[in-house]
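Counting along the sequence shown from 1, when you hit position 112 you're at 112 in the numbering used here, and nothing is skipped either side.
Written below as structure tokens is the structure these notes are about.
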Amino acid sequence: MALEGTLQDMSLSDLFQVFRMGPKTGVLLLTHGTERGIIYVAEGRLIDAAVVRGTERTILSSKDEAVISMLLWDDADFTFRHSLAVLERPARIEHDSEWLVLESMRRHDNPVRALPYQSITLDTQLQLSPLPSSAESGVSLDVNQWRILSQVSIAPSLRAICEATGVPPDQAIRTVAELMSIGLVEIAPPTLPKPKPRPRAATGTSSHGQMMAPVLASTPSGEEATPILARGLLDAIMRRIRGL
């Protein structure tokens with residue numbers, strides 16, 4: 001079954017991550033106005049690519065430069081078809097997908113626009129992305145990228161990261177867009193407010209209430225019952241181990 005969509009639905013860098021996590025093997029076809037792009041993917045790796053124009057299929061770029069030019073497209077229709085025949089093609093692309101994505105972001109006039117469904121401001125809270133086991137490790141980061149990456153897990157916002165690292169806000173937003181494009185950081189989901197504690201039941205002054213008060217006082221609430229049960233289970237396991 002073919003995978004179809006537009007780059008507004010899923011960016012090309014996100015598609016590359018999907019290919020790696022599979023890993024997938026096949027052909028990715030893209031249409032951008034009069035230009036056509038093709039990328040060959042073998043077990044999650046980009047091995048060959050080309051961009052052509054018009055019915056004459058004039059070659060505009062190939063290999064690494066073709067991938068970078070497609071990453072600079074704001075929108076395009078894409079179709080990915082599984083094909084094991086790609087495994088027989090020679091690898092002609094020199095760099096891995098992360099390097100190509102970062103290079104395209106460096107060439108982009110406004111890298112934030114390359115993330116159409118993301119919005120980055122100084123109040124944005126970030127978190128480290130969970131890396132798949134098949135993630136490539138050949139990407140090299142510059143000084144600003146390392147500075148920001150080192151603060152993501154401890155700073156409450158991008159503004160705080162700028163204050164801690166001294167990176168100017170415009171440069172920080174651009175750098176975060178680059179790190180997001182290669183899947184190293186992501187926007188943290190909003191934190192839900194903690195539920196308010198339920199009021200404790202008032203104990204009555206009747207003889208029945210006086211009899212029930214010690215029972216109510218000694219009965220753990222739902223939040224307290226779990227640790228007590230866990231401790232009881234742990235104690236039982238330890239007693240069983242000692243008896244072996």
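For glycine and all other residues, C-beta sits at the position ideal for the given N, C-alpha and C.
- Annotation for Asp-48: the continuous beta strand (DSSP E) segment containing it runs 45 to 53.
- Leu-126 places its beta carbon 8 Å or farther from that of Phe-80.
- The shortest CA-to-CA distance from Val-86 to any of Phe-16, Lys-63, Thr-124 and Thr-25 is the one to Thr-25.
- Proximity of the stretch 83 to 103 to the stretch 174 to 187 meets the contact definition, three or more beta-carbon pairs being nearer than 8 Å.
- Annotation: the continuous alpha helix (DSSP H) that includes Arg-159 extends over 158 to 165.
- Nearest neighbour of Ile-187 by Cα position, chosen from Ala-91, Leu-149 and Met-70, turns out to be Leu-149.
- The Cβ atoms of Asp-142 and Ile-93 do not sit closer than 8 Å to each other.
- Put simply, the backbone Cα of Met-70 is about 13 Å away from that of Ile-59.
- The stretch 72 to 98 is shown to contain whole beta strand (DSSP E) runs of 3 or more residues at 77 to 82, in chain order.
- Nearest neighbour of Gln-17 by Cα position, chosen from Trp-146, Ala-76, Pro-130 and Arg-57, turns out to be Pro-130.
- Counting other Cβ atoms within 10 Å of its Cβ, Glu-98 reaches 16 or more and is therefore classed as buried.
- Around the Cβ of Leu-46, a 10 Å sphere holds 16 or more other Cβ atoms; the residue is buried.
- Here the C-alpha atom of Arg-57 lies approximately 33 Å from the C-alpha atom of Ala-177.
- The C-beta of Ala-50 has 16 or more other C-beta atoms within 10 Å across all chains shown, which makes the residue buried.
- Under the three-state reduction of DSSP output, Thr-175 falls in the helix class.
- Closest in alpha carbon position to Leu-84, among Gly-44, Asp-96 and Thr-55, is Gly-44.
- With contacts defined by Cβ atoms closer than 8 Å, Leu-122 and Arg-159 form a contacting pair.
- In this model, Gln-8 and Cys-162 are separated by some 30 Å (Cα to Cα).
- Between the alpha carbons of Ala-172 and Ile-154 lies a gap of roughly 16 Å.
- When the beta-carbon positions are compared, His-108 and Ala-76 stay at least 8 Å from each other.
- In the structure shown, the three-state DSSP call for Arg-36 is strand.
- In the three-state reduction of the DSSP assignment, Ser-61 falls in the strand class, which pools E and B.
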